[in-house]
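Numbering (the working numbering), first residue to last: 12 to 242. Think of the CB as a built atom: it goes at the ideal place given N, C-alpha and C, for glycine as much as any other residue. In what follows, a structure is listed as structure tokens, so that the remarks can point back to it.
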């Protein structure tokens, strides 16, 4: 009887998706709230568009820089810990051997099984260090280009998200009409974005979409009401 081969499907682009989520969520929410707030204070769409574009540019740069610095910090932390592990293996190898054995004990392995595995791992210094980094410290080797990729992904996602609520003000001259269109379009985009994000994170897509839409709507409503009160 022919057997269908088992193929495991794992999601492997978690870092890229995380950067898109960070950029898009802020890009959809912050310019949306800004445009809505200005709609309650001014009657000229040109002012709203100018302010919105300025915010998108500044926001994308700030968010991208934040992603770059975060990725660089992670990489520096990894290399610092790796250097420390190499030093410990060279200076106190007996303790490091015991730490390897302890990892296997925590996995529930018997002592007679642990000895050969420990000897095999500690016979190769590079493999030994890699094992300690991953299974003792829980650190994966970072992608050398991660910082640049993260900055670009977050910045572009922010720009894309920010242009969605602002587009209504670009094409419609009447402020209140542009506001209504912006609200409808952005809430729809927030819902779709929340559903897609939830699909990748294992949350119920409908619940995730509604939560994301609610948060964005509340932020814009608060900004609009505050601007109305002040003006």
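- For residue 155, the secondary structure class from DSSP, reduced to helix, strand or coil, is coil.
- Leaving aside the five residues that flank residue 59 on each side, the residues in its chain whose CB is nearer than 6 Å to its CB run, in chain order, 46, 49, 180.
- With fewer than 16 other CB atoms across the displayed protein chains lying within 10 angstroms of its CB, residue 106 is exposed.
- Only residues of its own chain outside the window of five on either side were considered, and among them 93, 96, 97, 100 have a CB closer than 8 Å to the CB of residue 140, listed in chain order.
- The C-beta distance from residue 34 to residue 164 rounds to 7 Å, short enough to fall under 8 Å.
- Under the DSSP assignment, residue 125 falls in the alpha helix (DSSP H) whose first and last residues are 122-133.
- Bounds of the alpha helix (DSSP H) holding residue 115 are 104-117.
- For residue 30, the number of other beta carbons within 10 angstroms of its own is at least 16, and it is reported as buried.
- Taken through DSSP and simplified to helix, strand or coil, residue 220 comes out as helix.
- Short of 8 Å from the beta carbon of residue 143, and not among the five residues preceding or following it, lie these beta carbons of its own chain, in chain order: 96, 100, 107, 110, 111.
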